[in-house]
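**Student:** I have a structure I would like to understand better, so I am pasting it below and will then ask my questions one at a time.
Residue numbers (the UniProt record's numbering): 1 to 346.
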C-alpha cells in the first residue's frame, strides 16, 4: 500500500456524519468562509490552504515562550505526525472522534489532518469550555485542553481515549481524571514539533515518545528532540527533563522559569506540584528581585485575597518556601489558555 500523502483523503473519513472527498472538502471550505459561523471560518481557510497544491503551510506559534511567530511547516511532516499518533494510540479507520479545539492553532489543525489521513468519523463542534455538554454520542478519541477536561468530567465516561495538552495538567485534576474509565494521556509538544511528540498515561511519571522520535539532552539538562519525519532540524527545547532512556523522559520544568535564590536553583513547576492539592484556584510560583538572595520565591494566586491556611508551606523545603504571597484578580493568558507568568505579575 502506498503511504498516505497530503493530496489524499482517506475513503472512510467523515465530517459531521458525511463522507467527504477532496472536492467536497473544498466546497465545504468555501461555504464555511462565506456563510459559516465564526469558528467555522478558520476551518475553511485551513482546508483551502491544505489543498492549494503547495507542499507547506504557514502556522502561528502560541507565544507562550516568546513573541508569537509564523513558521512554515511541511504538509507531509503533518501527515507523518498524524500517522505516528494513529500508531501510538491505535486509532483505526471509522473510529469516532470529537474535534472541539480552535483550528487557529496547530492542535486544532492536526485533529483535522488526523481525521482526513486516518479515516476517522469526526464530529466537529464550536470550541467551548464545556465541549461535551448536552452531547450523547460516544467517542473513541478526543483531544482537549485541561480546562475543557476539567469541565467535562461527568460526561467523559462516554470517551474511550482522550489526549490533554496545550497547558500543564495539575496534580489535582489528574487525580480526578484517574477515577474515570477513560484512557487519558497528557501530551508533550509544541508548534515546531507539529503538536505532540510524546505522551504520558495519567498515573505514570514518564512521557514516552511517538514512533520515529528519539530524544537526548544538552548540557543544561534540556530536552533535545530528534524527529526526522517531522523536522529536518534537531529541536532544542528549554524544557528541563530527567532522561530515562532515548524513548522516555520525566518533565521537570522550563529553563525560562528557573529561580536562582541565594545560589540555589529552584524549578517553580516542582514547587507548584507540592502545593497543588492545597490551593483550589489557579496559581503559580515565580521570582522577584531581592537585594540579599538575588531572587526571592513568590507565590501568585488568582482571585480575591484570602487565608490559605497555616500549613500551606508544610511540604516545602526551606529554600522553596515563598517569601511573598500576591493575589491577582485575573491572570493574563494566551488565547489557548496558557498562563503568562511575567505579564500577570506586572
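Using N, Cα and C, we set each Cβ at its ideal position, and we do this for glycine too.
1) In its own chain, which residues sit with a C-beta less than 6 Å from the C-beta of residue 40, not counting the 5 before and 5 after it?
2) Please identify the residue among 6, 277 and 143 whose C-alpha is closest to the C-alpha of residue 314.
3) Which residue spans inside the UniProt domain "AMP-dependent synthetase/ligase" (61 to 199) form an unbroken alpha helix (DSSP H) run of at least 4?
4) How is residue 272 classed by DSSP in three states: helix, strand or coil?
5) Tell me which same chain residues have a C-beta within less than 7 Å of the C-beta of residue 331, skipping the five on either side of it?
6) Looking at residue 59 and residue 195, is the spacing between their C-beta atoms short of 8 Å?
7) Looking at the structure shown, is residue 288 part of a helix, part of a strand, or coil, going by DSSP?
8) Buried or exposed: which applies to residue 254, given that a residue is buried once 16 or more other Cβ atoms fall within 10 Å of its Cβ?
9) Candidates 105, 234, 7 and 289: which alpha carbon is nearest residue 218's?
10) Can you grab the Cα-Cα spacing for the pair residue 124 / residue 230, in whole Å?
11) With distance defined between alpha-carbon atoms, name the residue in 212, 214, 237 and 210 nearest to residue 220.
12) Flag this pair as touching only if the region 129 to 136 and the region 82 to 90 have three or more C-beta atom pairs under 8 Å; answer yes or no.
13) From what residue to what residue does the beta strand (DSSP E) around residue 301 run?
14) Could you check the C-alpha separation between residue 183 and residue 247 for me, to the nearest Å?
15) May I have the straight-line CA-CA distance separating residue 269 from residue 148, to the nearest angstrom?
16) Is it the case that the region 137 to 144 contacts the region 295 to 311, given that we only count it when at least three CB pairs across the two stretches are under 8 Å?
17) Would you grab the beta carbon distance between residue 51 and residue 25 for me? Rounded to a whole angstrom, and I think it's under 8 Å.
18) Checking the sheet assignment: what are the DSSP bridge partners for residue 214?
19) At what residue ranges does the region 239 to 268 contain a whole run of the beta strand (DSSP E), taking only runs of 3 or more?
20) Quickly, what does DSSP pair residue 23 with across the bridge? List them, please.
21) Give the DSSP-derived three-state secondary structure of residue 33 in the structure shown.
22) Is the CB-CB distance between residue 164 and residue 186 below 8 Å?
23) So, with DSSP's three-state summary, where would you put residue 9?
24) What do you get for residue 284, buried or exposed, if any count of 16 or more other CB atoms within 10 angstroms of its CB means buried?
25) If you run the structure through DSSP and keep just helix, strand and coil, what is residue 324?
26) How big is the Cα-Cα spacing for residue 267 and residue 57?
27) Quickly, what does DSSP pair residue 315 with across the bridge? List them, please.
28) Under the three-state reduction of DSSP, which class applies to residue 204: helix, strand or coil?
**Tutor:** If we stick to the structure as given:
1) Within the same chain, residue 40 has close Cβ partners 32.
2) Checked all of 6, 277 and 143; the closest Cα to residue 314 is 277.
3) If we require 4 residues or more, the alpha helix (DSSP H) runs fully inside the UniProt domain "AMP-dependent synthetase/ligase" (61 to 199) come out as 75 to 88, 106 to 118, 146 to 151 and 171 to 178.
4) Residue 272 carries a helical assignment under DSSP once its states are collapsed to helix, strand and coil.
5) Within its own chain, the residues whose Cβ lies closer than 7 Å to the Cβ of residue 331, once the five positions on either side in sequence are excluded, are 282, 302, 339 and 344, listed in chain order.
6) No, the Cβ-Cβ distance between residue 195 and residue 59 is not below 8 Å.
7) It is a strand residue.
8) With at least 16 other beta carbons inside 10 angstroms of its own, residue 254 counts as buried.
9) For residue 218, the closest alpha carbon among the candidates 105, 234, 7 and 289 is that of 234.
10) If you draw a straight line from the Cα of residue 124 to the Cα of residue 230, it is about 26 Å long.
11) Nearest option by C-alpha distance: 237.
12) The region 129 to 136 vs the region 82 to 90: no contact.
13) Segment 294 to 302, the beta strand (DSSP E) holding residue 301.
14) The alpha-carbon separation between residue 183 and residue 247 amounts to approximately 21 Å.
15) Their backbone Cα atoms lie some 21 Å apart in a straight line.
16) Here the region 295 to 311 does not lie against the region 137 to 144, with fewer than 3 beta-carbon pairs under 8 Å apart.
17) Taking 8 Å as the upper bound for CB-CB distance, residue 51 and residue 25 are in contact here, some 7 Å apart.
18) Its beta-bridge partners are 226.
19) The qualifying runs are 248 to 254, 259 to 261 and 264 to 266.
20) Partner(s): none; residue 23 has no beta bridge.
21) In the structure shown, residue 33 sits in a helix (DSSP, three-state: H, G or I).
22) Against a cut-off of 8 Å, the Cβ pair of residue 186 and residue 164 comes out as a contact.
23) Residue 9 carries a coil assignment under DSSP once its states are collapsed to helix, strand and coil.
24) Burial call: buried.
25) In the structure shown, residue 324 sits in a strand (DSSP, three-state: E or B).
26) The straight-line gap from Cα to Cα measures roughly 36 Å.
27) Looking at the DSSP assignment, residue 315 forms no beta bridge with any residue, so it has no partner.
28) It is coil, neither helix nor strand.
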